[in-house]
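Same order as they appear, the protein sequences are chains A and B. First residue of the first sequence: 237, per my numbering; consecutive thereafter. First residue of the second sequence: 83, per my numbering; consecutive thereafter. Heads up, the thing below is written out as structure tokens.
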Amino acid sequence: MGKILILAAYAVYTAFWIRFFSHLLVWWRAARRSIESVSVAAPSSVKAYILTVMDVVFFGRLLMVNPALWLGEWIFHFSFFLVVLRHLRFFLNPVPPCIWWVQTPGLIAGYILPVSLVYILIVRLLFGRERYASPANVFLLGLVLVISSVGVAMQLLFKPNLVEVKLFVLGILSFMPAATPESVLFAVHFCLVLILIPFLPTHIFFAPFVMMEARKREQALRLVMHEK
Amino acid sequence: MKSKRSFTEELLSQQLLEIGACTQCGECLKHCPVQDVTGNPSVSPPEKIRMFREFIRATDGLKSRLFGSGDVDRKLLDNFTRAVYECTTCGACGQSCPVGIFTQRLWPVLRKEMVKRGLGPIGVQANMPKAIMDSGNPYDKSPTERYHPWFPGHVKIAERSEIAYYAGCTGAYEAQPMVRGDVLVLDAIGAPFTMLPPEEEVCCGFPLFITGQHDQLKDLVTGLVKGYEARGVKLLVCSCPCCVNIMTRDWPLFYGEPLPFKIRHITQYVSDAIRDGRLRLIKELREAVIYHDPCYLTRGVGVIEEPRTVLRSIPGLTLLEFEHHGLNSRCCGSGGAARKIFHENAIAIGRLTIDEAVAKKADRLILSCPACYAKVNEAMQGHKNQIRITDIMELVSTIIEGDR
Numbered sequence: 237m238g239k240i241l242i243l244a245a246y247a248v249y250t251a252f253w254i255r256f257f258s259h260l261l262v263w264w265r266a267a268r269r270s271i272e273s274v275s276v277a278a279p280s281s282v283k284a285y286i287l288t289v290m291d292v293v294f295f296g297r298l299l300m301v302n303p304a305l306w307l308g309e310w311i312f313h314f315s316f317f318l319v320v321l322r323h324l325r326f327f328l329n330p331v332p333p334c335i336w337w338v339q340t341p342g343l344i345a346g347y348i349l350p351v352s353l354v355y356i357l358i359v360r361l362l363f364g365r366e367r368y369a370s371p372a373n374v375f376l377l378g379l380v381l382v383i384s385s386v387g388v389a390m391q392l393l394f395k396p397n398l399v400e401v402k403l404f405v406l407g408i409l410s411f412m413p414a415a416t417p418e419s420v421l422f423a424v425h426f427c428l429v430l431i432l433i434p435f436l437p438t439h440i441f442f443a444p445f446v447m448m449e450a451r452k453r454e455q456a457l458r459l460v461m462h463e464k
Numbered sequence: 083m084k085s086k087r088s089f090t091e092e093l094l095s096q097q098l099l100e101i102g103a104c105t106q107c108g109e110c111l112k113h114c115p116v117q118d119v120t121g122n123p124s125v126s127p128p129e130k131i132r133m134f135r136e137f138i139r140a141t142d143g144l145k146s147r148l149f150g151s152g153d154v155d156r157k158l159l160d161n162f163t164r165a166v167y168e169c170t171t172c173g174a175c176g177q178s179c180p181v182g183i184f185t186q187r188l189w190p191v192l193r194k195e196m197v198k199r200g201l202g203p204i205g206v207q208a209n210m211p212k213a214i215m216d217s218g219n220p221y222d223k224s225p226t227e228r229y230h231p232w233f234p235g236h237v238k239i240a241e242r243s244e245i246a247y248y249a250g251c252t253g254a255y256e257a258q259p260m261v262r263g264d265v266l267v268l269d270a271i272g273a274p275f276t277m278l279p280p281e282e283e284v285c286c287g288f289p290l291f292i293t294g295q296h297d298q299l300k301d302l303v304t305g306l307v308k309g310y311e312a313r314g315v316k317l318l319v320c321s322c323p324c325c326v327n328i329m330t331r332d333w334p335l336f337y338g339e340p341l342p343f344k345i346r347h348i349t350q351y352v353s354d355a356i357r358d359g360r361l362r363l364i365k366e367l368r369e370a371v372i373y374h375d376p377c378y379l380t381r382g383v384g385v386i387e388e389p390r391t392v393l394r395s396i397p398g399l400t401l402l403e404f405e406h407h408g409l410n411s412r413c414c415g416s417g418g419a420a421r422k423i424f425h426e427n428a429i430a431i432g433r434l435t436i437d438e439a440v441a442k443k444a445d446r447l448i449l450s451c452p453a454c455y456a457k458v459n460e461a462m463q464g465h466k467n468q469i470r471i472t473d474i475m476e477l478v479s480t481i482i483e484g485d486r
């Protein structure tokens, strides 16, 4: 079982980077081929950069169109970010001080994460105003909900041996696999994360660039038919 | 269906990022006019992007790189083609997009890809290139009828002038009170203006551009630009938002260099004239009017305030607003050449505009787009709610005529 998990981890890790570079290659080829046929150039401005940061960090555009969903999405993404930071203690040795600082916020975020996901699913699936739910999105949200719930169960009820967990993870990273922790919940948690990685949505990589261009375009709209 | 042609051929690198950036959240569906009347998510923006991602994967994905291009599901291609042509390209989805995808420019590019594959355009849209080639306009009407039925007899057109007026095909053939109003107002301002002869004032290219049929665009644009240049034009005035949009955003690209003249929407030119005192609106109009923003004028080129400035300059007039106005305006149903194929959608969307105008207790619905003018008038036929529909310059021209 341990060997299968380790092999699966390497396969997923490899697949992730192949997918990433495959996307990069497609984009690079399009970028080389496309004549940048934009007659109205979108100038960069400090305001555009500030607004982009607000969009990326605080989901400003979503707040404008759907505050109810924004609340759930922002809490979910921020919690997810803190949880990932908290988990870095298993991947780094020695653990940097900043990762130690984030342990308590990360722990709290771990409890909030599944709640925020349930809230998002309720807003998206049960509120009559929502007309569309992508099956891929619902699958991802459901998967993260199960992963985070298993994580909470491990924290509260069936704690695995964290030393074993860290040795296992570091073993994979250093290509010197160690024994799998003897925890069924950990194995489930780990397997589900391996399933999640190939399904990570591409918008994570692309959205910040598109948000930046959107803000620049908004600034430039006034220049299309109005002189300065 | 196997294809060696990449589905990214027509996309700008930024548009490829946009396709990857869609979170499939579905927020845009609440703002989509086609969704309002069809309630069919399979033709929605996120579904179009999802399908197009599958096409890109089939021709550009790792598997296709290693083992050759895979099959693209023909049914999916047909579904996508229908969805992308049923769209009015109003861009409301992009305006409400939490990521900020510029859909008003993305959909026409995806249509172009379908044209390159022989799948688009659909229906009578495919007749437009020949009609434009034969008669100079997508309606296949005679050039001799382009100005004659509506042009005011007393207005003189200069042979040469720094100011030119482009009537546009839809205005000239389908919304004649509108272009007649334009000319009357231009005449009242007093500055001499020129126009191309009717056989030379051909299609601006927008109907071809928006349906993805780009082959004739360079020739059309070059002919028009040279025509105005030969008349010494420094400022080209036009009232059609679609024409204005392609003139400012795309004509320089098809022409190959910056245009030798500026482009102005007529409301910009008239609001300047009112501000400078060259046009005085003295006659009172005690009415509550509601102004509908054309999608390609607001989200397309950012002309939002000037029409309101013109309307507020009319003494006694009360200006009402739609719930969604300015950058967030709702499509009237006539956009994207979809009205030619999906007539029922266009009529139903147009009736939503009429219903809101009536609900707001407006005396008159003011439009400033010939396509909106033609379609919303058509939508009102046989509809339970009725309202007087007037183009903005048609209204201003009646105020001016009253002054005389």
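All C-beta atoms, glycine included, are put in the ideal place defined by N, C-alpha and C.
Quick one: list the residues of chain A neighbouring residue i, beta-carbon separation under 9 Å, in chain order.
| i | result |
| --- | --- |
| GLU244 of chain B | None at all; the shortest Cβ gap to chain A is about 16 Å. |
| GLN186 of chain B | Correct list: empty, because the minimum Cβ distance to chain A is about 11 Å. |
| GLY250 of chain B | Neighbours of GLY250 of chain B on chain A: none; closest Cβ ~16 Å, over 9 Å. |
| ARG346 of chain B | MET461 |
| ARG132 of chain B | SER370 and ALA372 |
My guess is that residue i and residue j are in contact by the Cβ rule of under 8 Å, so how many angstroms apart are they, rounded?
| i | j | result |
| --- | --- | --- |
| MET461 of chain A | VAL385 of chain B | 6 Å |
| ASN219 of chain B | CYS285 of chain B | 5 Å |
| GLU369 of chain B | PRO397 of chain B | That belief does not hold up - the Cβ atoms of GLU369 of chain B and PRO397 of chain B are roughly 11 Å apart, past 8 Å. |
| MET390 of chain A | PHE422 of chain A | 7 Å |
| ASN427 of chain B | GLU168 of chain B | 7 Å |
| GLU92 of chain B | VAL191 of chain B | 5 Å |
| LEU290 of chain B | ILE204 of chain B | Rounded, the Cβ-Cβ distance is 14 Å, inconsistent with contact. |
| SER419 of chain A | PHE394 of chain A | 7 Å |
Going along chain B in order, which residues have a C-beta closer than 7 Å to the C-beta of residue i?
| i | result |
| --- | --- |
| THR250 of chain A | In chain order: nothing, as chain B lies at least about 12 Å away. |
| SER280 of chain A | Simply none; closest approach about 14 Å. |
In chain order, what residues of the same chain have a beta carbon less than 7 Å from the beta carbon of residue i, not counting five sequence neighbours either side?
| i | result |
| --- | --- |
| PHE312 of chain A | LEU349, SER352, LEU353 and ILE356 |
| ALA304 of chain A | VAL359 |
| PHE316 of chain A | LEU349 |
| GLY437 of chain B | Correcting the residue identity first, residue 437 of chain B is Asp in this sequence and not Gly. Cβ neighbours of ASP437 of chain B beyond the five flanking positions: ASN467. |
| VAL401 of chain A | PHE326, PRO417 and PHE422 |
| LEU377 of chain A | LEU353, ILE356 and LEU357 |
| ASP375 of chain B | ILE386, HIS407, GLY408 and SER411 |
| LEU341 of chain B | VAL307, TRP333 and PRO334 |
| LEU398 of chain A | none |
| PHE426 of chain A | LEU241 |
| THR90 of chain B | LEU98, ILE138 and ASP142 |
Output, in chain order, the set of chain A residues within a Cβ distance shorter than 7 Å of residue i.
| i | result |
| --- | --- |
| GLU100 of chain B | VAL446 |
| GLY143 of chain B | SER258 |
Look up residue i in the DSSP assignment and say whether it is helix, strand or coil.
| i | result |
| --- | --- |
| THR90 of chain B | coil |
| GLU476 of chain B | helix |
| HIS347 of chain B | strand |
| ASP153 of chain B | strand |
| THR438 of chain A | coil |
| ILE348 of chain A | helix |
| GLU256 of chain B | helix |
| ARG357 of chain B | helix |
| ALA249 of chain B | coil |
| LEU449 of chain B | strand |
| ILE372 of chain B | strand |
| LEU402 of chain B | strand |
| ILE469 of chain B | coil |
| ALA70 of chain B | Residue numbering for chain B in the displayed model covers 83 to 486; residue 70 of chain B lies beyond these limits and cannot be assessed. |
| ALA240 of chain B | strand |
| PHE162 of chain B | helix |
| ASN427 of chain B | helix |
| ASP222 of chain B | coil |
| CYS107 of chain B | coil |
| GLU129 of chain B | helix |
Within its chain, find whatever has a CB closer than 8 Å to the CB of residue i; leave out the 5 residues flanking it on each side and keep chain order.
| i | result |
| --- | --- |
| GLY102 of chain B | ARG135 |
Which residues of chain A have a Cβ atom closer than 8 Å to the Cβ of residue i, listed in chain order?
| i | result |
| --- | --- |
| THR105 of chain B | ASN373, PRO437, HIS439 and ALA443 |
| GLY109 of chain B | According to the sequence displayed, residue 109 of chain B carries Glu and not Gly. Chain A residues near GLU109 of chain B: LEU298, VAL301, ASN302 and LEU305. |
| GLN468 of chain B | The contacting residues do not exist; GLN468 of chain B stays about 30 Å from chain A at best. |
In its own chain, which residues sit with a C-beta less than 6 Å from the C-beta of residue i, not counting the 5 before and 5 after it?
| i | result |
| --- | --- |
| LYS300 of chain B | PHE336 |
Counting only Cβ pairs nearer than 9 Å, list the residues of chain B close to residue i.
| i | result |
| --- | --- |
| ILE358 of chain A | Going along chain B, no residue has its Cβ under 9 Å from ILE358 of chain A, so there is no contact; the nearest lies around 15 Å. |
Who are the neighbours of residue i on chain B, taking C-beta pairs under 8 Å?
| i | result |
| --- | --- |
| PHE316 of chain A | Neighbours of PHE316 of chain A on chain B: none; closest Cβ ~14 Å, over 8 Å. |
| PHE363 of chain A | Ordered by position in chain B, no residue passes the 8 Å Cβ test against PHE363 of chain A, which lies about 11 Å from the chain. |
Along the chain, which unbroken stretches of the beta strand (DSSP E) at least 3 residues long are found entirely within the region 242–327 of chain A? none
Kindly provide the ranges of any alpha helix (DSSP H) runs that are 4 or more residues long and lie completely inside the region 248–329 of chain B, ordered along the chain. 251–256, 258–271, 288–292 and 299–312
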